Every structure is written in C-alpha cells, then in structure tokens.
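Chains as they are written, first to last, in the working numbering: chain X, 5 to 819; chain G, 2 to 315.
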C-alpha cells in the first residue's frame, strides 16, 4: 500500500522554481509590448473642468492618449456593482477613466500608451488638468456627520444600512444582571502584496480575440466582465493568471479600471498593451481595508454568561463599493464567534468617504468582528474579576452543529458545523502556560520589566460557494494533468491538490501536475478568496479523481477480465486485489481509453483498430462515454464551513519608552483534517505576521485633504521578519460534515484575532483598557499620560503595571 | 515610478568628475550608492538631466586610519566602514551608529560620504561626523577646501556645497585617551529611521596610565541627535558632568536629560508626536550615558546590541 499523501508534511513543490528566480510574474511577460501609464487625480474631491493633453501628444514614442471620451460603448459606463446585497441603499462605482468628477486621490483620469513605460510617464507628466476643488470627506466621523456629501444626489453618505437580530435583544438587556458599554476603533490598513496589480491585453486581429494576462484572484470573473464591457463573444476572450506575487484579497475586485482601459486600448490599437502597477499606484488607487467605529452594549450574568449583545458599527468603505458590502457583512456575521449568545443584534452603516475604496483584505471584516467581541469578553472578565479564560469557557458553544441565526455572505444561514472549543482552549492554555503566567509576571516585575498576557478567540466561515471545479486528464505516458479554475497567489495549490489527486487516483505524486487560473482549460470557476481554495477546489478534485479512477477501473476490468470492484490502483498500477500478476499500468488504460486510427508511437499502436484480437461487436466509443481518460467534476456545498482558533500572546511594554515587543505568540488552530500540516502552519505564520502588522505597525495616514501621507514602504510600516515573533502552533482536527474531505479553510486564520490578542496583552501589562488599534509607542505613551491624568480609567480587577500607583484590589483577578 | 529622461556619465578619474560637474553642475547630480537618490528619481521628486556615476573613478575608495584620523573616501560603503577593525578600534562610535543605518543590503551599497552629502536630519552619519568633530574634504575645478560640519550643514537636506563640488572624503577624528563613545536609537522597525537617536562622547581623566585602582572622573560630555534636530547640532554638557566620578553617574542623569530635552527641537509626524520624541530622546540619552559609564574600553555596544529593545524570547 502506498503512503497516504493527505496529512503529510510535504515541502511545497512550487518553491524551488519561485525561490530561484524562475517565477513568471506579470511584469516578466510580454517584454517589448507597448506600455500604459495613468494620470491620476491629485485631489480627493473635485470636478474636472478641462483636460489638456496637447503636451503629451508631442512626446516622441507616444501612441495614444485616452480620456473617458475615448472609451467605447459599455466600457465607458460605470464599473459593475459586482455583489448586490439588500442592505445597499446607494450603490456607487467608479469609471475606467473618470469623466468629470473625482472622488479620491489616485482615481484614474487619463491613460497614456507609449513605446515604453518611461515615455508613457514622461508624457503623463505633461498632461494638464484643471479642477474645481470640493471639500473632501475623510474618515468615519466626518462621513457620519453628513455635513458634506461624497456623491451628488445623496442626502447623506450611507451606502448601506443593515440590521440582523437573533432572539430579543432589548428584553435580554433589560433582564441582564450586568450591562457594559464598550466603544472601539479600528484603523485602515491594506493587503500590500509584494507584486502589485498588472494586466497585459493582447488583441489578435486574425480572429478578433482577446487574450489577457492579469495578476488577479479570478480569471473567470475577469473574463466575463471584459467580454461584457468590450461587447465581445465570451468565446473570444481568454484570461490567464501567471505567477502572482501575493494578493490577500485586493486582487479579487474586477475589472479594475486599468484592466478595462488596457483591454480597450489593445483592441483599438490591435496590439499588446501592458500595465504594471507601481507601489505608489498600489497605495493610492487599489483598495484598503479595516477602518470601523464600533459600539457594543452587552448584558451578562454573574458568571459572565452573555445574555444579550447589541452591536452597532460604522464602516468606512471609501469612495466606491464595486465589491458590495462583503466586509461589513462579514463583520456583522462573525461577532458571536465561538459563543452561544441567545440574543444578538447588529446594525451597520457603510459610509462613503473621499479615500481609496475598501474591499476585502485577508480576514475580510472578521478581524473587526473579533475585535468587538473579544475586547468585550475581556471587559466582562474585568468587570466581574474573573479569569478571562473562564468567561470564555462559560460562553462557548458546546454542541454542533450550532445554527447562528444570521445570514452570511453566501446567502445561507451561518452554522458552526464542527469544533471543540473547550479542548482548543485547554491546548492554548497549556501551550502559552496561562496558569503559570502570574509567576512570570512577578519575576519580570522584580526585574523592572512590564509584561502582559492576552487572548483572542474566533471563528471563520470558510469555503463559500457557489462552486468550484476540477479537470483531470491522464496522458498515455501516465502523466496526470490537473486543472482547477481558481487562481494561485502563494498558496501551495501545486502541492496540496497533487496530494489529494495522488491519493484518490492511486498514482505517485510526481506524476501529478497542477495548473490553475487559465480559462482556456477550465472556464467555470469563482476564484480564490475567503479561505476557499482547499475546501472548494480540493473537494472538486477529490471527486474528479474518483470519477477518473472509476473509468480507469472499468476499462482495465475489460482488459484484465476482472470485476472493477476487485481492482485497485497503487502507484499508478492497476491490479486485481491480492493478485499482482494480473495488472496493467494506468498509462496503458489511458491508451485504451482513446480508440485510434493513427499510430504515432508504440503505445498508440495498442489503441488502433487492428490491435484488438477480435472484431468489434459494438462501437469503439460506447453510447454515453467519451474517449480519453479525462473527467470534469464540480463541488458545490450547502453552506460555508466554519473553522476556528484561539491565539495567546505575551507582550512586554517598556516602562519608559512604551515600546511594545511581542515575546511569545501561540496559536491553536482547527481547520479540520490538514491536507499538509506544513502548508497550514505556513498560512498561519503568514497570517499572524500580517496581523502583527495591523496591530502594531500599519495604518493608512490620511490628512484632512484626503492625501495619503504614507504611500510608500518607508512610511507605511509593514513589519519585517525582525518584527515578527516566533509563532508556536498546536492543532485540533475536528472534521467538517459539509464536504467529502472534512476540511475547513485556513488561509485567513492567522490575521483574524491578532490585533485583539495583542490589545488584550497590552491591556494586561498596562492595567488600563485598550480600545483602539493599531497601537504604536507614541500612542501608548500618550494613553499612559491620559491614564496618569485620570482621563483613562484603570482596569477594575487587574492591576497591570502602569496602574501600580492607583488603588488596586487585593486579588489579581486571576483565579 | 520611472525617472525622467537623463544621461548617465561614468568618469574614470576625479579630474573627469570635476570637469563634468563644472559643465553639468546645476543640471547634474552625483550618484554613488544611490540608496537615497534612486527613489527620489523614480518618484520624480528630482529630475536631474545628468547623473554623474562616480563608482568607476579611481582614488575615491580609500579607507584608512592615519594617526588620529579615520579617512573615509567617497566610495566607501557603510558596511565596509562598519566592519573595518582599524576604524572600530580608533573610534567605536562609527560602527555603533552604522549598525542602525537601514539594513545590511542598503549598507552594502549606500556610502557614508553620500549620506553626509544628503544631509538628512534622520541620518545617523552626518550627526556622527559632527559629534566627533570631523570634516569633509571638498574639490572642484576651482580648487579644494575642507568644511567642518558646522559650515557644511545649512538646513535639513541642505548643505553649503556648490553645484560643481565633490566631497572626496570625510575625516572622523579618533577617540582621545579617556574618551568613551556610543550611539543608540529607537526605530519603529529594525532599520527604519530612528524616532530619536543619541550619540555621546564621554571624556574622563582615565588616560590609560595606571591609576593604581583610583576611580576615573568625568571631565566632559557632548551629545548629538538623530531625527530631533534639523541639522546635526551638538550640545556640550561639560558643566553638568565635570568632576563627577564615573560610579556616580546616576547623580547627574536628571540634569543631563533635562538639558538635552531643552536643547532638541523635535517635530511630530505620523510616526510619533513631538512630545513623545522629546521624552524618548531623554530616555535614550539616560540609558546611553549609564552604559558608557559602565564600559571599560572606548565604548561601542556589543555587535547589534541596544539598550532600547529587548529580543523576543525566541
């Protein structure tokens, strides 16, 4: 028997190529093609009075200069509203090139196509645009106030408003023994993949077709969008996703203005046009995430059991909402987390501002939800003087499935389908040494050091539908080609999908070759987002491989004169179980599966009409069958499967400088059975690293004019490896009943509870509540000053160390 | 992010450089390591029509300790200077500060003289040159001159150099007997510009002669700063420290810190408030002075060490 590949720590097969510089990213392709550059708005809110392109036209090497007037047909319309939702009251999207009005710094207005990018930028610099400036609306507070309006014709800045309620929140609050109010702030950050966006559009004048390469998270979505907007038959558009240097959500929106404008230019000029986003463009014209203002009112009993939870939040969605309200919707549906809360109400307002739009970033609204819930649970523990883990234990869901009563982003009711939160918490406490922490704190205190312990628990709906597919073909050489339509941007698809197919088909992993994101091979797909790749395509490929195997056994059964039921495939050899002498390789089955007239090589000869010993009594390809050892299958789940996890951190805060160091970071994670534990850990590590960035370093600093002050890696502080703590992990594998492999998504897990976990630890070190993230040394020092001045209260039952001089209760609160 | 059209010149001798500078000075820019200039060009914040690449020119890569002077040619990289044993032995503050200059990859290409010519108040090396009492050697077709940092540094990112002038080398004096020197800073991320940084030279009467166990006494102290003054201003603190035994340094800390906090002029930005930077400068100064008082040799922290940040429990 061969070793089962599922569950093995197999090194990523894609890495030798990528780490030796042999990746083929968008900008590595189509060298020598003409290049596009964009003139972008320098103002956050303005009417365009006049565009003078004469200076650009004279530049040698310039091929075309386009404004909105030059966009043909539907390409000139507003960009699509991709994900409609009942909560959207005022849908606004931008244009490929802004016609007469701009709503954020970075909005594209003019496209220059030139012999190369240098010339295109030289020419772009000579275009003069006259603006009539309007006062911008920046941040949740200004937008909420509604004194100035982003979009003409609206009476306020609310793009979407939504209420969901489970149970009876008002009476739950009335009857609760304790009620607390918590006000919270979460700031803007962004995905910041190493590779920005980019598109190459090639028009083939022979057959009037368009081939597009894009650094996207959805080849199929972009293909459909471009075909519609360019008004070309779908069959004449293909989209190929090359190697992608990270996406993290920002590349799921489509079509981007540049994708549409560049495709139009390629068709009009009958050539290949390339645009590669530079870093400044990525900062000011792609998408951001995270900013919310939140209020929580919670009712609870003497044991900290939550009776009723009433949540309101205001979400900054930037200038446009082409990707709908997925981010605030995810926030609203993930607040309850792993807790059993009978009465829950959430109300959100999604708000327009004159800033870069907001679309999902790894976690996609869930980090904000977890921040609300976990800061609240810590506040309950402090109010009652209870251990923070005890309050969590008292509230955990203990029976599965647990319907949540709220409608999720996939339109289905949310349901915790699997998990064991009590065991997960035990593992986390063991891993971090929760019960021994007070001794460590005392020892640190004696050394003049200040340390704190924090915790954050979360659930994450993963593997959303509607569907994903697999396509597998066994060549006559025995090579197994595997395709799935979703895209790859750092995930280990070539490894984990090969593991799944190798197991299901019974072939060596080395013979399995995985390709993704190419509409020429599989044009039915949704895309890679929301921790869905492994769940959706993984299960689709599992089912496809089973189908291929069934066909192979049937053909082999005829050849070996055996019942297919009695056959097995091991290492690519089909044999009668228990009788290895009666066998044939899968490659031979592939030969037989495709009856031939022409023998182009030795193996093909076996499939030609005179190779059979007896004359045929039935057609070579029987009714209902297809030639070739090749199958396609799709997987479509009932609803999203919900993964979960818990994080704990130990931080040290410098008593004088307020510098914050994460000393330890522990993760217990449950994504069901792990296809490849090494890949899962890599996902968790990367996620935590992004989470640490969001907790301690990264913020989008807009000034009052709507100018982004830190649009470079010098001032936008993405953490280096040196800022990321060693991450300790443990796993629980509770299988999901919602898919054949029992797996749950893992891609976003690391980022979701990181900010709240670190806030929890800083709060524990300092002794006063942390209600806004991210937090830097300057801000923490300011909080200490406010605390010392009495403007920030102490925690009630935990002393911390900056509160050492204030009156402290005799017990530490840790029981 | 592509630079404006420009022509790259690659002279082979100092004389050729000076000739090119005299022709293209106002429309030209010298490039050596390019670690500050290239981003500026790519963002089109500067658009020189001529780049004079001096990396092929002979005679600019000298690095030697001559007597009590460390002579650093215009092409000497930060990294080479940081790792030069003779330099560290003559004045350990150079390596101490250089370890905080960005990352090794940047230090491998960036030059110390280039950093001094760039005159960024967030840069470590312009301040170190000022603190050590060093100077730069400058040449043009019109002749040669030496400039102290007081005359060189006119304002943030601004020097008194004429468009046709080239800094051929910077000269850092060695520490004198009895002196100890060190540098420390706190940055948001490793390798970032410091939120605040402090360099100090502490003078004592311990001149190397056997003192038969008698304790050394402080005779002088001066300090320079990163990111909290517009130009590399140096504060002389002798009046607060002279006559204090080394072991009694804690008695003068408050006075020193208070004088420093009064001297500096930090601004606030998105990374930290002005008040925080002032506070932080005081903390760094206090820790640094304590460290120097404890040290037996000429100063300098153990490789990569800092009083400002604990290593995570890895």
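Glycine included, each C-beta is placed from N, C-alpha and C at the ideal position. All values reported here derive from a predicted model rather than from experimental measurement.
Given a cut-off of 8 Å on the beta-carbon distance, is the pair residue 142/G and residue 165/G in contact? yes
Local conformation of residue 818/X per DSSP, three classes: The pLDDT assigned to residue 818/X is 35, lower than 50, so where the model puts this residue is not dependable, and the model offers no usable value.
Per DSSP, residue 292/X is paired with what? 362/X
Given a limit of 7 Å on CB to CB distance, which residues of the region 111-123 of chain X reach chain G? 121, 122
Is there a Cβ of chain X sitting closer than 8 Å to that of residue 3/G, yes or no? yes
Could you pull out every unbroken alpha helix (DSSP H) segment of at least 4 residues lying fully inside the region 172-236 of chain X, listed in chain order? Within the region 172-236 of chain X, the runs of alpha helix (DSSP H) that reach at least 4 residues and sit entirely inside it are, in chain order, 173-178, 223-234.
Under 8 Å between C-beta atoms of residue 125/G and residue 155/G: With contacts defined as CB atoms closer than 8 Å, residue 125/G and residue 155/G fail to qualify as a contacting pair.
Proximal residues to residue 345/X (C-beta, below 6 Å), its chain only, five neighbours per side dropped: Beyond the five residues adjoining it in sequence on each side, residue 345/X comes within less than 6 Å, by CB distance, of 310, 313 in the same chain, given in chain order.
Length-filtered (4 minimum) alpha helix (DSSP H) runs lying within the region 471-531 of chain X: Listed in chain order, they are 497-509.
How would you list, in chain order, the residues of chain X whose beta-carbon sits under 9 Å from the beta-carbon of residue 90/G? Residues of chain X passing the Cβ test: none, with the nearest at roughly 28 Å.
Taking the alpha-carbon positions, what's the residue 484/X to residue 685/X distance? Rounded to the nearest angstrom, the two C-alpha atoms are 28 Å apart.
Leaving out the 5 sequence neighbours to the left and right, which residues in its chain are closer than 8 Å to residue 424/X when beta-carbon positions are compared? 674, 736, 738
Strand pairing of residue 668/X, partner residues [DSSP]: 654/X
Show which residues of chain X have a CB atom less than 9 Å away from the CB atom of residue 284/G. 658, 660, 661
The region 323-335 of chain X / the region 223-237 of chain X touching (three or more Cβ pairs under 8 Å): no
Use the C-beta contact count for residue 99/X: other C-beta atoms within 10 angstroms, 16 or more gives buried, fewer gives exposed. Per the 10 Å Cβ criterion, buried.
Cβ atoms of residue 39/X and residue 278/X: under 8 Å apart, would you say? yes
Got a sec: is the Cβ-Cβ distance from residue 786/X to anything in chain G below 8 Å? Residue 786/X counts as touching chain G.
Under 9 Å from the C-beta of residue 46/X: neighbouring residues of chain G: Neighbourhood of residue 46/X in chain G, by CB distance below 9 Å: empty, with the nearest CB roughly 13 Å away.
Just curious, the alpha helix (DSSP H) that residue 97/X is in, first and last residue? That residue, residue 97/X, is in no alpha helix (DSSP H); it is neither H nor E in DSSP.
Anything in chain X within Cβ reach of residue 281/G, meaning under 7 Å, just list it in chain order. 661
State the beta-bridge partners of residue 461/X as determined by DSSP. 650/X
Here's a check: name, in chain order, each residue in its chain whose Cβ is nearer than 7 Å to the Cβ of residue 196/G, leaving out the five neighbours to either side. 187, 188, 189, 228, 272, 273, 278, 281
Compare the C-beta of residue 701/X against all C-beta atoms of chain G and say whether one is closer than 8 Å. yes
For residue 462/X, does the count of other Cβ atoms within 10 angstroms reach 16, so buried, or fall short, so exposed? buried
Rounded straight-line distance, which links the Cα of residue 124/X to that of residue 65/X: 8 Å
Is residue 8/G close to chain X, meaning its C-beta is less than 8 Å from at least one C-beta of that chain? Judged by the 8 Å Cβ criterion, residue 8/G is not in contact with chain X.
What does DSSP give as the partner residue(s) for residue 298/X in the beta ladder? Answer is 188/X, 317/X, bridged to residue 298/X.
Inter-stretch contact at 8 Å, needing at least 3 Cβ pairs: the region 629-642 of chain X / the region 548-562 of chain X: yes
Would you call the region 68-79 of chain G and the region 102-113 of chain G touching, i.e. three or more CB-CB distances under 8 Å? yes
Would the beta-carbon of residue 664/X fall within 8 Å of that of residue 721/X? no
Is the Cβ of residue 271/G closer than 8 Å to any Cβ of chain X? yes
Quick one: residues in its chain with C-beta nearer than 7 Å to the C-beta of residue 104/X, no 5 flanking neighbours on either side, listed in chain order? 51, 52
Out of 537/X, 290/X, 225/X, 163/X, state which residue places its alpha-carbon closest to the alpha-carbon of residue 261/X. 290/X
Length of the line joining the Cα atoms of residue 809/X and residue 132/G: Because residue 809/X sits at a pLDDT of 43, beneath the cut-off of 50, its placement in the model cannot be relied upon, and the following sentence gives the value as read from the coordinates. Between residue 809/X and residue 132/G, the C-alpha separation is close to 40 Å.
Compute the distance between the beta-carbons of residue 756/X and residue 367/X, then report whether it is under 8 Å. yes
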